[in-house]
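Peer 1: First, the structure itself, so that you have it in front of you.
In structure tokens:
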């Protein structure tokens, strides 16, 4: 699959945010799938990436994400355990759980979020289309194509 040559309507749900954000800048590193399609409870939906030469783009994107009105509140943040300045976009409750001492000890979001875990997975997946649309509307990207990575 090549999201750079596809139309948005043809992009898998798990890759939709990757598609929309690729219209803003090229990725230096990215994990396209926001969730595991074969098991939606495998991990909390999230998008993990790093733009090439982003400048102030992360600050602008943070404002965009903070303004999003979905079933869940979402958080864009610099990865908590990253060597390469990777960013994560995930439900705020998952981010908050990652900040706990319990998470630092066992890295088990399912256990920390308990009965909310499955609901966060389901709502997060349902939010993906509107989150993608919100990003495209915020940055006026609806008629733009994804930016291909530099091949230098």
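Residue numbers (this note's numbering): 111 to 262.
Ideal Cβ placement from N, Cα and C applies to all residues, glycine included.
Only counting the same chain, and skipping five residues up and downstream in sequence, which positions put a Cβ closer than 8 Å to that of residue 208?
Peer 2: Residue mapping note: residue 208 aligns to position 98 of the chain shown, counting from 1. Within the same chain, residue 208 has close Cβ partners 190 and 219.
Peer 1: State yes or no: is the C-beta of residue 197 within less than 7 Å of the C-beta of residue 159?
Peer 2: By one-based count along the chain shown, residue 197 stands at place 87. By one-based count along the chain shown, residue 159 stands at place 49. Yes, the pair counts as a contact, with Cβ atoms nearer than the cut-off.
Peer 1: Consult DSSP for residue 155 and reduce its assignment to one of helix, strand or coil.
Peer 2: Stepping through the chain shown from its first residue, residue 155 is reached at position 45. In the structure shown, residue 155 sits in coil (DSSP, three-state: anything other than H, G, I, E or B).
Peer 1: Does the separation of the CB atoms of residue 254 and residue 119 fall below 7 Å?
Peer 2: Locating residue 254 in the chain shown gives position 144, where the first residue counts as 1. Locating residue 119 in the chain shown gives position 9, where the first residue counts as 1. No; because the gap between Cβ atoms is not below 7 Å, this pair is not in contact.
Peer 1: Could you tell me whether any non-hydrogen atom of the ligand HEM is closer than 6 Å to the CB of residue 127?
Peer 2: The ligand HEM is absent from the structure shown, which contains no ligand whatsoever.
Peer 1: According to DSSP, is residue 145 part of a helix, a strand, or is it coil?
Peer 2: Start at 1 with the first residue of the chain shown, and residue 145 comes out as number 35. Secondary structure of residue 145 (DSSP, three-state): coil.
Peer 1: Around the Cβ of residue 148, are there at least 16 other Cβ atoms within 10 angstroms (buried) or fewer (exposed)?
Peer 2: By 1-based counting over the chain shown, the position of residue 148 is 38. Under this definition residue 148 is an exposed residue.
Peer 1: Measure the alpha-carbon distance for residue 174 versus residue 180 and round it to whole angstroms.
Peer 2: As a working mapping, residue 174 is identified with position 64 in the chain shown. As a working mapping, residue 180 is identified with position 70 in the chain shown. Taking the straight line from one Cα to the other gives about 12 Å.
Peer 1: Out of curiosity, what's the CA-to-CA distance linking residue 239 and residue 184?
Peer 2: Taking the first residue of the chain shown as 1, we reach residue 239 at position 129. Taking the first residue of the chain shown as 1, we reach residue 184 at position 74. Going from the Cα of residue 239 to the Cα of residue 184 covers about 14 Å.
Peer 1: Which partner residues does residue 198 have in the DSSP bridge list?
Peer 2: To locate residue 198, count along the chain shown from 1; it is residue 88. Residue 198 is bridged to 158 and 187.
Peer 1: Expressed to the nearest angstrom, what Euclidean distance is found between the alpha-carbon atoms of residue 227 and residue 112?
Peer 2: Indexing the chain shown from 1 puts residue 227 at position 117. Indexing the chain shown from 1 puts residue 112 at position 2. C-alpha of residue 227 to C-alpha of residue 112: approximately 31 Å in a straight line.
Peer 1: Does the Cβ of residue 244 have 16 or more other Cβ atoms within 10 Å, making it buried, or fewer, making it exposed?
Peer 2: Residue mapping note: residue 244 aligns to position 134 of the chain shown, counting from 1. So residue 244 counts as buried.
Peer 1: List the endpoints of the continuous alpha helix (DSSP H) containing residue 238.
Peer 2: Here the question's residue 238 lines up with position 128 in the chain shown. Unbroken alpha helix (DSSP H) run through residue 238: 226 to 248.
Peer 1: Am I right that residue 130 and residue 251 are in contact with their C-beta atoms under 8 Å? What's the rounded C-beta distance?
Peer 2: For the purposes of this step, residue 130 is taken as the residue at position 20 of the chain shown. For the purposes of this step, residue 251 is taken as the residue at position 141 of the chain shown. Rounded, the Cβ-Cβ distance is 7 Å, consistent with contact.
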